[in-house]
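Chemist:
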Ligand SMILES: [Zn+2]
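In our numbering, the protein residues as written are 94 to 233.
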């Protein structure tokens with residue numbers, strides 16, 4: 094019996110994003126059919142890893158997802174105000190670093206798994222009173 098998933102999502106462990114990522118999976122048309130890896134810092138673990146172990150863990154898990162569930166794409170979602178990242182004085186330099194890391198991580202995945210499509214997103218947090226909105230922006 095085969096268990097196929099449409100995609101693998103790699104996102105942060107941060108509790109603020111779990112419901113939003115699941116909702117976003119509907120926009121991505123992979124709802125109910127994605128494997129999930131959560132790891133603080135997300136793309137940084139490939140582009141500027143603290144250790145080779147972290148990078149290899151991610152690449153090995155992507156490979157498992159591909160072998161076991163025959164996924165067609167990997168969706169990487171970084172987010173604003175991430176505890177896995179350095180602190181930034183301004184939003185612009187934070188964005189630049191995340192976008193750079195996402196693009197580099199995408200290239201690394203494509204290099205290791207040429208048959209997989211890679212999609213990159215950056216989640217912006219909008220605080221409105223005590224309501225929090227998450228807005229997913231595609232990074233190309
Ligand atoms: Zn985070």
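We put the beta carbon where it would ideally sit given N, CA and C, even for glycine.
Keep in mind the model is a prediction, meaning the values are calculated, not measured.
Have a look at 222, 230, 169 and flag the residue whose alpha-carbon is nearest the alpha-carbon of residue 133.
Modeler: 169
Chemist: Please look up how many angstroms separate the CB atoms of residue 143 and residue 97, rounded, as I've assumed it's under 8 Å.
Modeler: At roughly 33 Å, the Cβ-Cβ gap does not stay under 8 Å, so residue 143 and residue 97 are not in contact.
Chemist: Comparing C-alpha positions only, which one of 141, 115, 130, 118 sits nearest to residue 153?
Modeler: Of the candidates 141, 115, 130, 118, the one whose C-alpha sits nearest the C-alpha of residue 153 is 130.
Chemist: Does the region 109–123 come into contact with the region 216–226, if we say contact requires no fewer than three beta-carbon pairs (one atom in each stretch) closer than 8 Å?
Modeler: yes
Chemist: Is residue 162 a contact residue of ligand 1, with contact defined as CB to any heavy atom under 7 Å?
Modeler: No; taking the cut-off as 7 Å, the Cβ of residue 162 has no heavy atom of ligand 1 nearer than that.
Chemist: Please classify residue 99 as buried or exposed, where buried requires at least 16 neighbouring CB atoms within 10 angstroms.
Modeler: buried
Chemist: Please work out which residues of its chain come closer than 6 Å, Cβ to Cβ, to residue 158, disregarding the five sequence neighbours upstream and downstream, and give them in chain order.
Modeler: Listed in chain order, the non-local C-beta contacts of residue 158 below 6 Å within the same chain comprise 101, 128, 164, local neighbours out to five positions each way being set aside.
Chemist: Going straight from the alpha carbon of residue 191 to that of residue 201, what length do you get?
Modeler: 15 Å
Chemist: Would the beta-carbon of residue 172 be found less than 7 Å away from any heavy atom of ligand 1?
Modeler: yes
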